[in-house]
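Data block below; observations after.
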Amino acid sequence: MAENCREVQEWVEEEVVTSVEEWVERREEKCEKRKCKKLCLCCNKWFCWIEVIVEKVVTTVVTTVVKLVTTVVCEVAAVLIDVVNLVGSFILGIVSGLLSLVFMIPFLGTLLRWIYEVILAVVWRLASIPDVVLGILGLFPPKLLHVRVLVACPEGVDVTDRLARADAWVKSVQQIFLDRANVRVVPPSQPFRMKAGDDGAFVHQVPCGDAIVQPCGAGAFWDDLGFGPVPWYEQTLLMENMGQYLDSTRRILKYGAPLFVFMIDDVKGPGGCSLGPLADYVVVGLDSEGLTVAHELGHACGLWHVKGHDNLMRSTHSDSKLKKWQKIMLRASEHVTYF
Ligand SMILES: [Zn+2]
Numbered sequence: 000m001a002e003n004c005r006e007v008q009e010w011v012e013e014e015v016v017t018s019v020e021e022w023v024e025r026r027e028e029k030c031e032k033r034k035c036k037k038l039c040l041c042c043n044k045w046f047c048w049i050e051v052i053v054e055k056v057v058t059t060v061v062t063t064v065v066k067l068v069t070t071v072v073c074e075v076a077a078v079l080i081d082v083v084n085l086v087g088s089f090i091l092g093i094v095s096g097l098l099s100l101v102f103m104i105p106f107l108g109t110l111l112r113w114i115y116e117v118i119l120a121v122v123w124r125l126a127s128i129p130d131v132v133l134g135i136l137g138l139f140p141p142k143l144l145h146v147r148v149l150v151a152c153p154e155g156v157d158v159t160d161r162l163a164r165a166d167a168w169v170k171s172v173q174q175i176f177l178d179r180a181n182v183r184v185v186p187p188s189q190p191f192r193m194k195a196g197d198d199g200a201f202v203h204q205v206p207c208g209d210a211i212v213q214p215c216g217a218g219a220f221w222d223d224l225g226f227g228p229v230p231w232y233e234q235t236l237l238m239e240n241m242g243q244y245l246d247s248t249r250r251i252l253k254y255g256a257p258l259f260v261f262m263i264d265d266v267k268g269p270g271g272c273s274l275g276p277l278a279d280y281v282v283v284g285l286d287s288e289g290l291t292v293a294h295e296l297g298h299a300c301g302l303w304h305v306k307g308h309d310n311l312m313r314s315t316h317s318d319s320k321l322k323k324w325q326k327i328m329l330r331a332s333e334h335v336t337y338f
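In terms of numbering that gives the first Met the number 0, the sequence shown opens at residue 0 and continues consecutively.
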């Protein structure tokens with residue numbers, strides 16, 4: 000069973016079942032305290048008890064169904080993906096390989112990838128409607144976000160400091176996403192099937208020829224189309240994807256697809272850059288804080304800039320708070336998933 004399915008079950012047990020039980024207990028106490036109306040042989044008490052019994056039966060049935068549905072949906076979906084993968088691995092492998100090759104074509108490939116990303120983002124948001132309803136009710140079961148930091152290192156530069164900083168980024172992002180949205184940030188290999196060559200680490204080093212200094216804004220889209228000074232983001236990413244961790248089904252459907260953080264020498268101005276849901280990567284200058292990384296990942300999960308002074312998505316962010324609707328939006332992204 001997928002590890003997070005167990006966590007979701009535990010969460011249902013703790014949050015939903017316990018609070019429902021407490022509520023029924025409080026109702027019981029109320030009945031006990033109620034004074035008996037002698038005129039009708041304590042009928043008011045009797046009615047109260049009947050109400051409690053009915054509530055007990057209904058809540059037991061509902062919580063059992065909720066527990067069953069969470070288990071079945073989570074586990075069956077995980078198994079289904081495995082079965083589809085097993086049966087169609089050859090065909091799906093060819094399809095996802097072809098998709099990767101098409102997306103590597105400069106300009107045209109990127110345009111097609113953008114369209115593909117938008118369609119998937121819409122489809123997965125529609126599929127997240129039950130999750131949105133839970134969120135509106137204030138229920139946020141534990142979800143996962145797969146993240147890897149790719150440390151770009153020019154020739155002749157000592158990478159030790161950069162790797163240490165990347166580790167600090169990861170810790171900070173883990174804390175923020177867990178505290179603010181009950182999302183556990185994990186490396187890409189988990190629970191994905193391990194492929195040869197992936198050590199399952201949060202941080203990977205990717206060599207680059209020269210130091211990378213990149214402005215954000217329209218230039219980032221230009222780069223993504225393959226025209227800029229740094230056309231290798233998507234290529235590096237596709238190479239990372241191809242042989243290593245994602246199974247074919249996931250590569251096509253992108254459910255739980257990891258987000259990559261490129262640590263480059265400098266992002267002029269804001270310190271970080273994201274193309275929103277159009278790309279599975281964000282770019283952050285090495286002098287930036289973990290807060291900036293979390294902010295850019297927020298963009299990649301579909302969040303936009305807001306005004307609140309302590310909000311993570313403020314353009315000049317200095318705190319990590321998220322409003323309830325932002326939490327719901329973030330959790331509806333195809334990158335934030337149950338398994
Ligand atoms: Zn921003």
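Glycine included, C-beta positions come from ideal geometry on N, C-alpha and C.
- With a cutoff of 7 Å, residue 314 counts as near ligand 1, since its C-beta is closer than that to a heavy atom of the ligand.
- Between the stretch 203 to 211 and the stretch 147 to 155 there are three or more inter-stretch CB-CB distances shorter than 8 Å, so the stretches are counted as touching.
- The beta carbon of residue 327 lies closer than 6 Å to those of 131, 134 in the same chain, with the five residues before and after it left out.
- Here residue 281 is near residue 295, since their CB atoms are less than 8 Å apart.
- Following the DSSP letters along the chain, one finds residue 130 inside the alpha helix (DSSP H) bounded by residues 128 to 135.
- Ligand 1 has no heavy atom closer than 7 Å to the beta-carbon of residue 308.
- Look at residue 334: its beta carbon is at least 7 Å from all of the heavy atoms in ligand 1.
- Across the set 279, 307, 300, 311, the C-alpha of 311 shows the shortest separation from the C-alpha of residue 288.
- Taking the CA atoms as reference points, residue 77 sits about 11 Å from residue 248.
- Shown here, residue 158 sits in coil according to DSSP, grouped into three states, outside any helix or strand.
- About 6 Å separates the beta carbons of residue 180 and residue 330, which is inside the 8 Å limit, making them a contact pair.
- With a threshold of 16 other beta carbon atoms within 10 Å, residue 170 falls short and is exposed.
- If you draw a straight line from the Cα of residue 58 to the Cα of residue 279, it is about 42 Å long.
- Excluding five sequence positions before and after residue 226, the CB atoms of its chain that fall closer than 8 Å to its own CB belong to 105, 106, given in chain order.
- Where residue 183 is concerned, the enclosing beta strand (DSSP E) starts and stops at 182 to 185.
- Residue pairing by DSSP places residue 206 opposite 152 in a beta bridge.
- With contacts defined by Cβ atoms closer than 8 Å, residue 140 and residue 183 do not form a contacting pair.
- Annotation: the continuous beta strand (DSSP E) that includes residue 281 extends over 280 to 284.
- When 302, 154, 5 are compared, the shortest CA-CA separation from residue 264 is found for 154.
- Excluding five sequence positions before and after residue 177, the CB atoms of its chain that fall closer than 8 Å to its own CB belong to 183, 184, given in chain order.
- Around the beta carbon of residue 216, fewer than 16 other beta carbons lie within 10 angstroms, which makes this residue exposed.
- Inclusion of residue 301 and residue 283 in the CB contact set at 8 Å is not warranted, their separation being larger than that value.
- Around the CB of residue 102, 16 or more other CB atoms lie within 10 Å, so the residue is classed as buried.
- With respect to residue 146, residue 260 sits close: the two C-beta atoms are nearer than 8 Å.
- Residue 4 is positioned such that its CB atom lies closer than 8 Å to that of residue 337.
- Rounded to whole angstroms, the separation of the alpha carbons of residue 285 and residue 164 is 8 Å.
- Spatial neighbours of residue 158 in its own chain (CB-CB distance under 8 Å, excluding positions within 5 residues in sequence) are listed in chain order as 150, 152, 204.
- Ranked by Cα distance from residue 92, the options 320, 252, 319 are led by 252.
- When the five nearest sequence neighbours on each side are left out, the beta carbons in the same chain lying within less than 6 Å of the beta carbon of residue 332 are those of 300, 301, in order along the chain.
- Residue 298 and residue 6 have their alpha carbons spaced roughly 26 Å apart.
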